[in-house]
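**Student:** Residue numbers (the UniProt record's numbering): 1 to 378.
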Amino acid sequence: MLALSLLLSAALAAASNGPHRVHHAECSKVSFDVSASGDNAVFATLPDRQNETAVIGWINDRFGDLGAPAAGTQHISGTYKIAGVYCWPTRGPSRGVLELLVHGLSYNKSMWTGLGYGNEYDWQAYAASRGYHTLAIDRLGHGSSEPNSDPFNTVQVPLQIDIYHQLIRAIRKGGRTSPLRRSFCRIVWVGHSFGSQFGSAMAQQYPNDFQAIVLTAYSNQLNTSSPPGAPYASASVLFPKRYRGADLGYFVTSTLQGRTAAFYAGDYDPAVAYGDYLYQDTMSAGEIGTFLDAAPRSIPEYRGGVMVVSGDRDAICCNIQGVTCNSILSGTSVVFPNAADYGFYAPPNTGHDLTLHLTAPSTFREVHNWLDSYFHHR
1 MLALSLLLSA ALAAASNGPH RVHHAECSKV SFDVSASGDN AVFATLPDRQ
51 NETAVIGWIN DRFGDLGAPA AGTQHISGTY KIAGVYCWPT RGPSRGVLEL
101 LVHGLSYNKS MWTGLGYGNE YDWQAYAASR GYHTLAIDRL GHGSSEPNSD
151 PFNTVQVPLQ IDIYHQLIRA IRKGGRTSPL RRSFCRIVWV GHSFGSQFGS
201 AMAQQYPNDF QAIVLTAYSN QLNTSSPPGA PYASASVLFP KRYRGADLGY
251 FVTSTLQGRT AAFYAGDYDP AVAYGDYLYQ DTMSAGEIGT FLDAAPRSIP
301 EYRGGVMVVS GDRDAICCNI QGVTCNSILS GTSVVFPNAA DYGFYAPPNT
351 GHDLTLHLTA PSTFREVHNW LDSYFHHR
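1. Spell out a yes or no on whether the stretch 49-66 and the stretch 170-179 are touching, meaning 3 or more CB-CB pairs, one atom from each, closer than 8 Å.
2. Using the three-state DSSP reduction, which class does TYR126 fall into: helix, strand or coil?
3. Below 8 Å CB to CB, which residues in the same chain sit around VAL334 once its five sequence neighbours on both sides are set aside?
4. Is ASP276 helix, strand or coil by DSSP?
5. Starting from ASN369 and walking both ways along the alpha helix (DSSP H), at which residues does that stretch end?
6. Mind checking whether the beta-carbon of TRP123 lies closer than 7 Å to any heavy atom of the ligand MG?
7. Drop a sphere of 10 angstroms on the beta-carbon of TYR164, count the other beta-carbons inside from all chains shown, and report buried for 16 or more, exposed for fewer.
8. What are the start and end residues of each continuous alpha helix (DSSP H) run of 4 or more residues lying completely inside the stretch 318-351, in chain order?
9. Within 10 angstroms of the Cβ of ARG365, are there 16 or more other Cβ atoms? Answer buried if so, exposed if not.
10. Look up HIS192 in the DSSP assignment and say whether it is helix, strand or coil.
11. To the nearest angstrom, how far is the alpha carbon of VAL272 from that of ASP281?
12. Suppose you measure from the CA of GLU52 to the CA of VAL252; what does that come to, to the nearest Å?
13. If you draw a straight line from the C-alpha of HIS75 to the C-alpha of GLY191, how long is it?
14. Alpha carbon to alpha carbon, what distance is there between PHE263 and PRO240?
15. Kindly list the residues whose CB is nearer than 7 Å to the CB of ARG244, restricted to its own chain and excluding five residues on each side of it in sequence; keep chain order.
16. Report the three-state DSSP secondary structure of ASP61 (helix, strand or coil).
17. Beta-carbon separation of GLY199 and ILE213 under 8 Å?
18. Starting from THR74, follow the alpha helix (DSSP H) in both directions and report where the run begins and ends.
19. Taking the beta carbon of GLY343 as the centre, do at least 16 other beta carbons fall within 10 Å, making it buried, or is it exposed?
20. Reducing DSSP to helix, strand and coil, say where ASP39 ends up.
21. Per DSSP, HIS133 forms a beta bridge with which residues?
22. Using the three-state DSSP reduction, which class does ARG172 fall into: helix, strand or coil?
23. Provide the residue span of the beta strand (DSSP E) that contains LEU215, from first to last.
24. With H, G and I counted as helix, E and B as strand and the rest as coil, what does DSSP make of THR253?
25. Between the C-alpha atoms of ALA125 and ARG91, what's the straight-line distance to the nearest angstrom?
26. Alpha carbon to alpha carbon, how far is PHE210 from ASP293? Give it in angstroms, no decimals.
27. Measure the C-alpha to C-alpha separation of GLY116 and ILE316 and round it to an integer number of angstroms.
28. Which same chain residues end up closer than 6 Å to HIS133 when comparing Cβ atoms and leaving out the 5 residues on each side of it in sequence?
29. Rounded to the nearest angstrom, what separates SER9 and GLY305 at their Cα positions?
30. Among GLY322, PHE291, GLY289 and PRO347, which one has its Cα closest to the Cα of ASP312?
31. Measuring CA to CA, which of ILE168, SER225, LEU356 and GLY249 is closest to PRO47?
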C-alpha cells in the first residue's frame, strides 16, 4: 500500500505541474476568456438542492431517461474562462494542425497526459512526436474552467456548444494576443466519451469549424441499461477536501468497483484505475439533464473527416450481445453520411477509458496514421 500511495502522489504531482517539457514537445498552461451564450433548458422539476439524497435521485432518473423534461428555455450569456494546456512539437517538421482535446464526464484536461502516469498514456506527447500541436481544455465547470458555475442551470450542453464554437473562432483568428501566440486554420476536434458527443453536436451545428473529428469512446449504439460508473455521490460529500463548498449538483462516482467496471476492461494497470477514482473530476446535473442535445442521430451537414475509436470491451459503446465492436463502429458511419473520409479502430482488450489502458500507444498510433493519411490528401 505504501508503494501504491507513493505512485499516486507522484502521479497527482505530475498532473498538476505547470509548463513542462516531454520528449519532442514543450507545453504551457493557457486560458481563454470566451464570450458566449446559449438557450439552456429550464427543467420542469428540480430536487431540493440542499438535500444530497434528493439531488442524486434526480440525477439517477435523468440517466435512465437520457435527459430531463424541460418547461422552456432561458438565455444564458457571459464571459467564461476556459483553461487548457497547449503543447507543440520541438523536433521534426510541424504539420500546422491543432488537435483540440475535449474530455468526457468526470475528467478534466489531465486525462490527455495520462493523469501523470507516464508517456505511454500521454496523447499530447505522442501527437507532438508526430508533428501535431494539441490544446487540451477543461470544459465549463471542470478543472480550472469556471468550477463554481451553477451545475443545474449554467453547465448545460447548449451554452457549452457556443463556448467551444467561440473558442475555435478565437483559435482561428490567433495573433500575438492569442494565448497560443499564433493562428491555426486546420483544426481537429478530438473527444473522449461525452467530449465526443459534443464533437458530434458541434459538427451538426457548426460543420465548418474543423476539418476532421476523432471521436473516442463513442458509437451510435450506447448501452444505457445502467448508468456508467454508478452509484454516485455529491463531490463535496465524498471528497470534502477537494470539493469543499461545491454545489451538490456536481457529482462523482462513489465506488472504485463501479467506476472500474464501467471504464476499464482487459489490459490495464489497477493502480491507474485506482488513481483515476481518487482524483476524478466531477459531472454536472445540467449536463445529464441536457444529454440528448449532444447526441444527434444523423449529421448530413458535416463533410470533413471522421475517425471513431472505441475499445472492443467498452461497456458503454460496444456492448451489444452477439455483435462485434468492429461492426458497431463500422455501422456508426450512418451518423456521418457525407463525411469526406470515415475510419474506425477497436483496440483489443480495452475498455471505455482507452487512453488509460496498456493499449494506449497502439491507439495513439492508429489515430495519427489516419490523420497523416487524411491531411496528406488535402
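For glycine and all other residues, C-beta sits at the position ideal for the given N, C-alpha and C.
Every value quoted in this text rests on a predicted model; they were computed, and no experiment measured them.
**Tutor:** From the atom records:
1. no
2. As a first step, residue 126 is located in the sequence shown; it is residue number 126 there, counting from the start. Here TYR126 sits in helix by DSSP.
3. Taking the sequence shown and counting its residues from 1, one reaches residue 334 at position 334. Hits under 8 Å: ASN220 and SER298.
4. Translated into the one-based positions of the sequence shown, residue 276 becomes position 276. ASP276 falls in the helix class under three-state DSSP.
5. For this step, residue 369 is matched to residue 369 along the sequence shown. Looking at the DSSP string, the run of the alpha helix (DSSP H) that includes ASN369 is 360-376.
6. Looking for the ligand MG in the displayed structure turns up nothing, as the structure carries no ligands at all.
7. On the sequence shown, residue 164 is found 164 positions in, with the first residue counted as 1. By the neighbour-count criterion, in which 16 or more other beta carbons inside 10 Å mark a residue as buried, TYR164 falls on the buried side.
8. Listed in chain order, they are 325-331.
9. In the sequence shown, the residue the question calls residue 365 occupies position 365. Answer is exposed; the Cβ neighbour count stays below 16.
10. If you number the sequence shown from 1, residue 192 lands on position 192. Reduced to three states, the DSSP call for HIS192 is strand.
11. For this step, residue 272 is matched to residue 272 along the sequence shown. For this step, residue 281 is matched to residue 281 along the sequence shown. Spanning the two alpha carbons is a distance of roughly 15 Å.
12. Counting from one through the sequence shown, the residue named residue 52 turns up at place 52. Counting from one through the sequence shown, the residue named residue 252 turns up at place 252. In a straight line, the C-alpha of GLU52 is about 12 Å away from that of VAL252.
13. To locate residue 75, count along the sequence shown from 1; it is residue 75. To locate residue 191, count along the sequence shown from 1; it is residue 191. The alpha-carbon atoms of HIS75 and GLY191 are separated by roughly 26 Å.
14. By one-based count along the sequence shown, residue 240 stands at place 240. By one-based count along the sequence shown, residue 263 stands at place 263. Their backbone Cα atoms lie some 24 Å apart in a straight line.
15. Numbered from 1 along the sequence shown, position 244 holds the residue referred to as residue 244. If we look at ARG244 and ignore the five residues flanking it on each side, its Cβ neighbours are SER236.
16. Within the sequence shown, numbered from 1, the residue matching residue 61 stands at position 61. Here ASP61 sits in helix by DSSP.
17. Locating residue 199 in the sequence shown gives position 199, where the first residue counts as 1. Locating residue 213 in the sequence shown gives position 213, where the first residue counts as 1. Going by C-beta atoms, GLY199 is nearer than 8 Å to ILE213.
18. Stepping through the sequence shown from its first residue, residue 74 is reached at position 74. It is Gln, not Thr, that sits at residue 74 in the sequence shown. GLN74 -> not in any alpha helix (DSSP H); beta strand (DSSP E) instead, spanning 70-89.
19. Locating residue 343 in the sequence shown gives position 343, counting from the first residue. The C-beta of GLY343 has 16 or more other C-beta atoms within 10 Å across all chains shown, which makes the residue buried.
20. Taking the sequence shown and counting its residues from 1, one reaches residue 39 at position 39. ASP39 falls in the strand class under three-state DSSP.
21. Locating residue 133 in the sequence shown gives position 133, counting from the first residue. Per DSSP, LEU98.
22. Here the question's residue 172 lines up with position 172 in the sequence shown. The answer is helix: DSSP assigns ARG172 an H, G or I state.
23. The residue given as residue 215 occupies position 215 in the sequence shown. First-last of the beta strand (DSSP E) with LEU215: 212-216.
24. The residue you call residue 253 lines up with position 253 of the sequence shown. Here THR253 sits in strand by DSSP.
25. As a position in the sequence shown, residue 125 is number 125, starting the count at 1. As a position in the sequence shown, residue 91 is number 91, starting the count at 1. Taking the straight line joining both Cα atoms gives about 12 Å.
26. One-based indexing of the sequence shown puts residue 293 at position 293. One-based indexing of the sequence shown puts residue 210 at position 210. The alpha-carbon atoms of ASP293 and PHE210 are separated by roughly 20 Å.
27. Working through the sequence shown from its first residue, we reach residue 116 at position 116. Working through the sequence shown from its first residue, we reach residue 316 at position 316. If you take the alpha carbons of GLY116 and ILE316, they lie about 25 Å apart.
28. Counted from its first residue, the sequence shown places residue 133 at position 133. Here HIS133 has TRP88 and LEU98 as same chain residues with Cβ atoms under 6 Å from its own Cβ, once five neighbours each way along the sequence are excluded.
29. On the sequence shown, position 9 is the one that residue 9 refers to. On the sequence shown, position 305 is the one that residue 305 refers to. Low per-residue confidence applies at SER9: pLDDT is 46, beneath 50, and the placement is therefore not dependable, though the value from the model is reported in the following sentence. Their backbone Cα atoms lie some 40 Å apart in a straight line.
30. Taking the sequence shown and counting its residues from 1, one reaches residue 312 at position 312. If we check each option's Cα against that of ASP312, PRO347 comes out closest.
31. Walking along the sequence shown from the start, residue 47 turns up at place 47. The candidate whose alpha carbon is nearest that of PRO47 is GLY249.
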